[in-house]
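Notes follow once the structure below has been shown.
Chains as they are written, first to last, in the working numbering: chain A, 1 to 313; chain B, 1001 to 1239.
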């Protein structure tokens, strides 16, 4: 009896998620100023975004109570996609994958029992930091991920989910002594026309075009053969559309992405081949491939960031 | 705040010390060690290696390349991992040893190798094209590392942190494949092309020995090693 009630609850949650996710997806940030976007983002609050969301307050101490609270939050909010066993085989995935019904997710939901995380601030092969998980839950994962944003939840709730996710695998326990520190991201350089020329050279030297294409459209010669850890086809990012940058479209996130790589995908880490200067050159070149990017605007933003006292202008 | 962190780290450290003493391999002086040696063979003619579908970079990778799944000569079978399954104490080994691993003409060299957990792979790219060395752990093939190698002849050292079969692939060249079998101890080897192998300095005792081939599967055999003696071990795979 109890079990069937729980199942019904899950079903409703699943349907709710299907509806909200598909609506969130049809209202991509690219469709600026359309009235429907406002409606969906305010009403469903699920629209994932590319801005990185860092916690404002301190994380609560991890207690059995917090983990239990995280578990109940998981059951209410995450189970529809990530599944009862937290292995990514949720109802939303299985319905579409096995039965061809409902909303087809473009990527398989994360399997928390394996804990292979794509978006991290840590080197390839390392577990993410708690803040990485917090940020992913908060902003969602745009584009091919369909992972909704849960920033509407109080921070404590998001931390509770983070604490619970870490209990779903032995990896945090097993790899404690091997866990590597997050990479250090220096302050962005101020981009110039020369930076972009140098960045193009780094892009060529690192052979980014092999997957991402000469113009960063995601159409390189290797693109058609790429697969993820689930043996499902995966596309390299098309840099022209900033609304599709999974880890965030700010310069720091682009820096982090090619430095750490996306574990579980063909995107490798380039950490061992790039000097600090080259990294920023590459960041700015990749940024310049965006349709919406403007050198002067970017310069102004960085100058403003470096000298917050001065009025913009 | 700082105090709290210190307490936390003390806690972590004590758990670590407890857990690391539990499963870790202990190096001792082996004076009366024996040897496990023998030959791995294949019944009948070796299965044919398929021709790989070279889809790109043909000027570097070549064409009509055969896979290296079945390697052997004179009835022997090479590239078979032979290893003691469980041994807690034994000979010392070089923890700092860098296991050479090359990307050459769009093939991994060696095709099969073994390592001790904690040792490093020294990954090189001999080709003037972009390779990425993508290590996957276990049967479920979950990413362990994914390292880009855009430049030629620069060795990248990466620690192997987990025991088990590590499958190595290159996302840029989907036919590339190799295996690193990682153990907690140094008692492992890979059979030569004629099937011969030897594991030396084994403390006397009874062991279960794993014999693994990437396509032909795995068997476990009981072996008794006498002090200073040589234990013969043979196995014949068949299709």
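Backbone N, C-alpha and C fix where the C-beta goes; we use that ideal spot for every residue, glycine too.
In the three-state scheme derived from DSSP, where H, G and I count as helix and E and B as strand, residue 99(A) is classed as helix. For residue 1127(B), the three-state secondary structure derived from DSSP is coil.
A Cβ-Cβ distance of about 5 angstroms is found for the pair residue 132(A) and residue 121(A), placing them in contact under the 8 angstroms criterion. The way I'd put it, the segment 1097–1111 of chain B doesn't touch the segment 1191–1203 of chain B; fewer than three beta-carbon pairs between them come closer than 8 angstroms. Secondary structure at residue 306(A): helix, using DSSP grouped into helix, strand and coil. Interface annotation for the segment 174–195 of chain A against chain B: 174, 175, 176, 177 and 178, criterion Cβ-Cβ distance under 9 angstroms. Rounded to the nearest whole angstrom, the C-alpha separation of residue 94(A) and residue 1130(B) is 36 angstroms. Taking each of 252(A), 82(A), 264(A) and 291(A) in turn and checking the Cα distance to residue 305(A), the smallest one comes out for 252(A).
Under the DSSP definition of a beta bridge, residue 1137(B) partners with 1142(B) and 1166(B).
In this structure, DSSP gives residue 266(A) a state outside helix and strand, which the three-state scheme calls coil.
Here residue 76(A) carries a helix assignment [DSSP, helix/strand/coil].
For the segment 1162–1187 of chain B, the beta-carbon criterion of a distance under 7 angstroms to any beta-carbon of chain A is satisfied by 1171, 1172 and 1174.
Interface annotation, residue 264(A): in contact with chain B, CB-CB separation under 8 angstroms. Residues of the segment 112–146 of chain A whose Cβ lies closer than 8 angstroms to any Cβ of chain B, in chain order: 114, 116, 124 and 125. Along the segment 117–166 of chain A, the alpha helix (DSSP H) occurs as fully enclosed runs of 4 or more residues at 130–139 and 155–165, listed in sequence order.
Within chain B, the residues whose beta carbon sits less than 9 angstroms from that of residue 273(A) are 1148, 1149, 1150, 1151, 1154 and 1156, listed in sequence order. Nearest CB-CB separation between residue 82(A) and chain B: not below the 8 angstroms threshold.
Contact annotation: residue 1025(B) and residue 1102(B) have beta-carbon atoms that are not nearer than 8 angstroms.
Counting only the Cα atoms, residue 291(A) lies some 34 angstroms from residue 97(A).
Chain-ordered listing is empty here: chain A has no CB closer than 9 angstroms to the CB of residue 1207(B), the nearest sitting near 26 angstroms. The shortest C-alpha to C-alpha distance from residue 1074(B) to any of 1068(B), 1144(B), 1043(B) and 1165(B) is the one to 1043(B). Between the C-alpha atoms of residue 1135(B) and residue 307(A) there is a straight-line separation of about 44 angstroms. A residue is called buried once 16 or more other Cβ atoms fall within 10 Å of its Cβ, and residue 72(A), having fewer, is exposed. Between the alpha carbons of residue 209(A) and residue 1150(B) lies a gap of roughly 11 angstroms. Counting every other CB atom within 10 Å of its CB across the protein chains shown gives residue 99(A) a total below 16, marking it as exposed. Assignment of residue 112(A) by DSSP, reduced to helix, strand and coil, places it in the coil class.
The straight-line gap separating the alpha-carbon atoms of residue 269(A) and residue 154(A) is approximately 33 angstroms.
Residues are counted here when their Cβ sits less than 7 angstroms from a Cβ of chain B; for the segment 245–264 of chain A these are 261, 263 and 264, given in chain order. Taking C-alpha positions only, residue 1192(B) is separated from residue 55(A) by approximately 56 angstroms. The distance from the Cβ of residue 1119(B) to that of residue 1095(B) is about 7 angstroms, consistent with a contact at the 8 angstroms cut-off.
Distance check between residue 1104(B) and each of 1082(B), 1128(B) and 1086(B) places 1128(B) closest, using alpha-carbon atoms only. In the DSSP assignment, residue 51(A) is bridged to no other residue. Short of 6 angstroms from the beta carbon of residue 216(A), and not among the five residues preceding or following it, lie these beta carbons of its own chain, in chain order: 239 and 289. Residue burial annotation: residue 135(A) is buried, with at least 16 other C-beta atoms found within 10 angstroms of its C-beta.
Residues of the same chain with a CB within less than 7 angstroms of the CB of residue 1069(B), apart from the 5 flanking positions on each side, are 1049, 1214 and 1215 in chain order.
Setting aside the 5 residues that flank it on each side, residue 1230(B) is surrounded in the same chain by 1034, 1035 and 1037, each with a C-beta closer than 7 angstroms to its C-beta; the list follows chain order.
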